[in-house]
Each structure stands twice: as structure tokens, then as C-alpha cells.
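Counting along the sequence shown from 1, when you hit position 116 you're at 116 in full-length UniProt numbering, and nothing is skipped either side.
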Amino acid sequence: MKVPLSEHHGDRNAPQHSAGVNLRRAAMIVPAVILLAVISLWLLVVSSLVQPQDYPPAWLMEDKNGGPENPVLGAAVAAAAVPVAREKKCDVFVGKWVYRPDAPTYYNNETCYAISDQRNCMKFGRPDTEFLKWRWEPEGCELPPFDAAEFAEMARGKSIAFVGHSLGRNHMQSLSCLLSSRWYLPKHNLTLGTYWAPFLVRTTDARGGQTLDGVLTLHLDEPHPSWSAEIGCCKSKLGFPPRFTKKTER
């Protein structure tokens with residue numbers, strides 16, 4: 001029995017230019033595909049610039065098991081997304097006095113010898129101590145408690161002068177009382193001093209002599225001799241709030 005077999009051979013008489021036609025078609029299609037890809041990429045970039053993207057992206061917050069958001073990853077991403085605020089500088093000269101009844105008292109007339117009789121209210125019968133409970137509170141920051149040992153260490157090898165009137169003397173006595181809780185000042189080579197110069201500059205009394213409301217002459221171009229010769233020796237505090245009630249000739 002003969003099994004019919006057939007063999008298919010290409011038509012040897014088919015046109016030979018079909019391969020050239022295919023090449024021409026490919027040459028036309030490839031540039032079109034490239035142009036479409038470029039247009040799609042351009043549209044994607046433009047849409048991302050016009051429409052704000054959510055942060056963090058949903059795919060990052062998704063739980064891989066199909067559950068709710070990942071709390072640990074979510075917290076980390078949220079923390080990273082929070083903008084870092086610039087640290088605000090503290091200006092200790094801007095603030096107000098506040099009353100703090102529970103605040104510790106650094107010293108009083110019984111614990112500090114440096115308080116002069118003119119300012120020793122408790123020594124001469126003032127019954128209350130509430131005036132010792134006021135504290136300076138800078139705006140936007142908190143002053144740490146005064147540490148006498150730390151201050152002495154910061155001022156090692158220095159001299160500090162208070163130049164002015166009675167308010168400067170008050171500051172000097174107050175600082176002396178604050179530092180009296182630690183008597184290691186010779187070890188730190190720290191010197192404190194006060195110079196009496198109510199007007200900071202040289203003054204001349206009126207012709208009739210010095211009186212409470214007399215006329216003074218202020219020499220604004222001449223610093224007071226009590227402190228001008230010593231100013232180079234130390235760090236000085238100048239310019240206390242004015243309490244001037246005297247009249248001047250010029």
C-alpha cells in the first residue's frame with residue numbers, strides 16, 4: 001500500500017521582490033513607534049509636574065498581605081516628611097518678670113553679707129519674702145537655675161566690673177551673693193569690682209555745691225575717671241536704666 005506523500009516547495013515562480021517590500025514596511029513602522037514612545041513619555045512628565053503627587057505614595061504604604069497600612073513604615077515615612085523647623089534663637093534681654101511662689105530662694109539677708117544696709121529690707125523689719133519669688137523669664141526660652149560653680153569656671157582668669165549708679169551696685173551685690181554659695185573664687189582667679197559713676201561721664205557740681213536737685217555739668221566726651229583708667233583690665237557692664245532727676249547746664 002502506498003501512502004501518499006506530498007512535499008510543498010515554494011513556488012519557484014513567485015516574485016522575488018517580496019523581501020524588499022517587507023523591509024520598506026519595517027522602515028516606515030519603526031519611526032512611528034519611536035515617535036509614539038517619545039510623546040507618551042513627554043505626557044507623563046508634564047502630568048507629574050501639573051498634578052501634585054501624594055506623599056507618601058500608596059504603593060509604599062500598602063501592606064503586602066492586603067491588610068491595612070503598615071503602621072511602622074507609615075510612622076517612619078510620616079516623620080521623614082515633616083519639615084525640619086529652624087531652631088529659634090533665645091534673646092535673654094527680651095522677656096518679663098514673672099511671680100513664682102514655688103521658686104527656690106538663692107539668698108537673703110541672713111545668708112549673704114554683701115547686702116548693704118541701704119538695701120537690706122529684711123534686716124530693718126520687712127515681714128514678707130514674696131519679693132524674692134520673682135524670676136526673669138525670657139521670651140521663647142527658659143533660663144536654667146544659676147550655678148555658682150559653673151559661672152566661676154566660665155569666668156576663670158577674668159575680671160568683671162559694674163560701672164554706673166546704684167542699680168549697678170545692686171547687680172554687683174546680687175552677683176556676690178549668688179557666688180557666695182561657692183567660695184572657690186581664688187582658684188579661678190576671678191575678681192569682681194564696682195565703680196561709682198552715676199552718669200558714666202565726668203560731672204561738675206553746680207557753683208553752690210552738690211544738692212539733691214542741683215544743676216550739674218556733664219562732660220559727655222570724658223568718661224568718669226573712677227572707671228576709665230581700669231576699663232582695660234576687665235569685662236565691664238555699662239549702661240543701667242536711668243534714674244536721672246538732676247538738671248544739667250549743658
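The beta-carbon is built from N, C-alpha and C at its ideal position, and this holds for glycine as well.
Range of the contiguous alpha helix (DSSP H) that encloses residue i
i                 : result
phenylalanine 151 : 148–154
Per-residue DSSP class, three states only, for residue i
i              : result
serine 176     : helix
residue 252    : Past the edges of the chain, shown from 1 to 250, lies residue 252, and the structure says nothing about it.
proline 223    : strand
alanine 32     : helix
isoleucine 115 : coil
alanine 103    : coil
glutamate 139  : coil
valine 201     : strand
valine 38      : helix
alanine 75     : Residue placement at alanine 75 cannot be trusted, given a pLDDT of 49 that sits under 50; the coordinates are not used to answer.
serine 6       : At serine 6, the pLDDT of 36 sits below 50, so the modelled position is not reliable and the matter cannot be decided from this model.
Start and end residues, beta strand (DSSP E) containing residue i
i           : result
tyrosine 99 : 95–99
alanine 161 : 159–164
Nearest candidate by alpha-carbon position, reference residue i, set the options
i                 : options                        : result
valine 93         : Glu150, Asn109, Thr203, Trp136 : Note that residue 93 corresponds to phenylalanine in the displayed sequence, not to valine. The shortest Cα separation from phenylalanine 93 among Glu150, Asn109, Thr203, Trp136 belongs to Trp136.
arginine 100      : Ala114, Asp91, Leu218, Glu130  : Glu130
alanine 148       : Val201, Tyr106, Ile39          : Tyr106
proline 104       : Gly168, Ala37, Leu178          : Leu178
asparagine 108    : Asn120, Thr204, Val98          : Asn120
glutamate 110     : Phe124, Asp102, Trp97, Val98   : Phe124
lysine 133        : Asp117, Asp102, Gly157, Ile34  : Asp102
asparagine 189    : Lys158, Leu216, Arg126         : Lys158
isoleucine 115    : Glu222, His219, Asn170, Ile29  : Asn170
aspartate 91      : Pro127, Gly140, Met122         : Gly140
tryptophan 97     : Leu143, Lys89, Asp128          : Leu143
proline 223       : Val38, Leu200, Gly95, Asp128   : Leu200
serine 176        : Tyr113, Pro31, Arg126          : Tyr113
phenylalanine 146 : Ser174, Val215, Val38          : Ser174
serine 180        : Asp205, Phe151, Arg156         : Phe151
leucine 167       : Asp205, Gln118, Pro225         : Gln118
Assumed close pair residue i, residue j - CB separation to whole angstroms, cut-off 8 Å
i              : j                 : result
proline 138    : glycine 164       : Between glycine 164 and proline 138 the Cβ distance is about 22 Å, and since that is not below 8 Å, they are no contact.
methionine 172 : phenylalanine 162 : 4 Å
residue 310    : leucine 218       : Nothing can be reported for residue 310: it is not among the residues displayed for the chain, which extend from 1 to 250.
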